[in-house]
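*Asks:*
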Amino acid sequence: MEWLSIEEWNAVALSLRVSLWATFAALPLGLLTAYALARWEFPGRQILNGLVHLPLILPPVVTGYLLLLTFGIRGPVGSLLHEMGITLAFRWTGAALAAAIMGFPLMVRAMRLSIEAVDPKLEQAAATLGASRFWVFVTITLPLILPGILAGSILAFAKAMGEFGATITFVSNIPGQTQTLPSAIYAFLQVPGGESSALRLVIISVIVAMGALVLSEILARRMAKRVGQG
1 MEWLSIEEWN AVALSLRVSL WATFAALPLG LLTAYALARW EFPGRQILNG
51 LVHLPLILPP VVTGYLLLLT FGIRGPVGSL LHEMGITLAF RWTGAALAAA
101 IMGFPLMVRA MRLSIEAVDP KLEQAAATLG ASRFWVFVTI TLPLILPGIL
151 AGSILAFAKA MGEFGATITF VSNIPGQTQT LPSAIYAFLQ VPGGESSALR
201 LVIISVIVAM GALVLSEILA RRMAKRVGQG
């Protein structure tokens, strides 16, 4: 891509890699969490809901610091992973973890709203015919909430592409290793003559964010139309 320098393109490519991994890794747990919050009653439900949305409320730097304390080499989880040969702090994998956590609330919220929009009577009718809970979910619920799943995944991906505070705190800003698109913009703005490079990356960020918002809105409308027809 001639429009971007090698350093700029590396930052964009790393951001895409981190965001894709973050989205796909968070998807199964996000769907399970959304379904639990939408359909199940259990002790601690409100606590779980609060924990899910906590990254939206806390300053991103605080989230990154908590990740460093937990998943750093000397952290309770990070030390165990390090003994197994897995290191997250100051690695791109750590950036993916931070991005997944920051985008998780958006993913869960979109999925939860789509699940709550499905009439439980449809699921109950299928259950009365002898279908198991898993089969009811696969054949009835999943097709109806698919637009919500896609919308949540897209929003989480866009959030991951734009994540800065938690990422730079947990994995620093190492060019070619952990320097994602927002980190690169910050780095370019700190050096004389870097404004043009920063501007090009800002344009890419705006395009990705706007595209994600438009696409998620289209999917949300399709979901509402499908449920209304049902």
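First residue of the sequence shown: 1, per the UniProt record's numbering; consecutive thereafter. Backbone N, C-alpha and C define an ideal beta-carbon position, used for all residues, glycine too.
Quick check on glutamine 179: buried or exposed, where buried means 16 or more other Cβ atoms within 10 Å of its Cβ?
*Replies:* Answer is buried; the Cβ neighbour count reaches 16.
*Asks:* Give the DSSP-derived three-state secondary structure of tryptophan 21 in the structure shown.
*Replies:* It is helical.
*Asks:* Would you say the stretch 167-185 touches the stretch 3-18, given that touching needs at least three Cβ pairs under 8 Å?
*Replies:* Flag = yes, the stretch 167-185 and the stretch 3-18 touch.
*Asks:* Can you give me the Cβ contacts of alanine 95 inside the same chain, cut-off strictly under 7 Å, excluding the 5 residues immediately before and after it?
*Replies:* Cβ neighbours of alanine 95 beyond the five flanking positions: Val18, Thr167, Val171, Thr178, Thr180.
*Asks:* Find the nearest neighbour of leucine 48 within the set Leu68, Phe137, Ile6, Leu37, judged by alpha-carbon distance.
*Replies:* Per the Cα distances, Leu37.
*Asks:* Please report the residue range of the alpha helix (DSSP H) in which serine 79 lies.
*Replies:* Run containing serine 79: 76-83, per the alpha helix (DSSP H) assignment.
*Asks:* Secondary structure at glycine 193, three-state DSSP: helix, strand or coil?
*Replies:* Coil, per DSSP.
*Asks:* CB alanine 220 to CB proline 147, shorter than 9 Å?
*Replies:* Yes, Cβ-Cβ distance for alanine 220 and proline 147 is below 9 Å.
*Asks:* In chain order, what residues of the same chain have a beta carbon less than 7 Å from the beta carbon of glycine 130, not counting five sequence neighbours either side?
*Replies:* Same-chain partners within the cutoff: there are none.
*Asks:* From the DSSP output, in three-state form, read off methionine 1 for me.
*Replies:* For methionine 1, the predicted model reports a pLDDT of 46, less than 50, meaning its position is unreliable; a value from the coordinates is still stated below. It is coil, neither helix nor strand.
*Asks:* Using DSSP with H/G/I as helix, E/B as strand and the rest coil, what is asparagine 173?
*Replies:* Residue state, collapsed to three classes: coil.
*Asks:* Count Cβ pairs between the stretch 191-209 and the stretch 114-131 that sit closer than 8 Å; are there 3 or more?
*Replies:* Short answer: they don't touch.
*Asks:* Count the other CB atoms within 10 Å of the CB of lysine 121; is the residue buried (16 or more) or exposed (fewer)?
*Replies:* Exposed is the call here.
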